[in-house]
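Residue numbers (the numbering used here): 27 to 326.
Structural data, given as structure tokens:
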């Protein structure tokens, strides 16, 4: 529903812009704003001079004047570059970034659903092949898929919409499938539904079609998992070199340099402790994050 996403984008962007402009206004309100408060404070550079001036010129002190009449008194000046940055970031950049982020919300959700569908579709296709082998009707197959969302993920949502179109809205199966082709978030699911439409229209056997698609998607899934395992293996090999062998060699080399260093090659103990307790653990943390993010992409 593009209208819903468009309305959400407009309302959210307006709300973010109002919040940002209110924040900017807090800086520029006359007399009570943050900038006015800052510029009402004496410049620290003049405090010492004015203190000495008051000590030596007590007869010239005038409490009605700023700084008691000190000729070197000055207020702080808010940097003009910061004023420009506050207006640019709070008044323009953040609202613009928020608008673009919200505008692309539907695209991000479609990409997320497409990725999840491609993870679950091989198993859903195998399930449809098994159901079809048991002589279940397409309507019952889609109903069963829709009722097992915890197993088949986002594929169940598309199956539920097909079942809804057939049973609740009164569409025939082919029309419901054509509607699903138009709204599918994954090219794999689009091909799956389009193949069903072609098979039903040509009078073919869905059982053979489901078996063929299940084998095809399982091959694709094995290829995807094989690529993931190869990337993890590459990370493991680089981890052995970068996080295990290199730190050991580096520590040994630095210790030897520390012991035999002359005037031309000096190293403090603090630097050695920093490498051992700071640099080396950071390498392990970085690799842990890489493995975690890579595994998260394959999570189902």
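The C-beta atom is built at its ideal place from N, Cα and C for all residues, glycine as well.
A Cβ-Cβ contact shorter than 8 Å links residue 149 with residue 178. Beta-bridge partners of residue 68 (DSSP): 101. Taking C-alpha positions only, residue 68 is separated from residue 100 by approximately 6 Å.
Cα atoms of residue 144 and residue 123: separation of roughly 30 Å, rounded to the nearest angstrom. Only residues of its own chain outside the window of five on either side were considered, and among them 179, 180 have a CB closer than 7 Å to the CB of residue 142, listed in chain order. Using a Cβ distance threshold of 8 Å, residue 211 and residue 151 do not count as a contacting pair. For residue 155, the CB contacts under 8 Å within the same chain, skipping 5 residues up- and downstream, are 233, 236, 237, 239, 240 in chain order.
Counted as a single uninterrupted DSSP element, the alpha helix (DSSP H) harbouring residue 191 occupies residues 180-193. By the criterion of a C-beta distance shorter than 6 Å, residue 157 is surrounded in its chain by 167, once the five residues flanking it on both sides are discounted. The beta carbon of residue 251 lies closer than 8 Å to those of 324 in the same chain, with the five residues before and after it left out.
Residue 266 and residue 259 have their C-alpha atoms roughly 11 Å apart. The continuous alpha helix (DSSP H) containing residue 321 extends over residues 306-323. Look at the beta carbons and you see the region 183-191 not touching the region 108-122: under three pairs across the two are nearer than 8 Å. Judged by their CB atoms, residue 269 and residue 310 are nearer to each other than the 8 Å cut-off. For the pair residue 87 and residue 95, the CB atoms are nearer than the 8 Å cut-off. Shown here for residue 243: same chain residues with a beta carbon closer than 6 Å to its own, the five before and five after excluded, namely 147, 148, 151 in chain order.
Contact annotation: residue 172 and residue 186 have beta-carbon atoms nearer than 8 Å.
Counting only runs that start and end inside the region 118-156, the alpha helix (DSSP H) elements of at least 4 residues fall at 120-129.
In this structure, residue 261 sits away from residue 207, with a CB-CB distance that is not shorter than 8 Å. One thing to note: residue 56 has its Cβ within 8 Å of the Cβ of residue 62. In this structure, residue 226 lies away from residue 184, with their beta-carbon atoms at least 8 Å apart. Taking 3 residues as the shortest admissible run, the region 192-280 contains no complete beta strand (DSSP E) segment at all.
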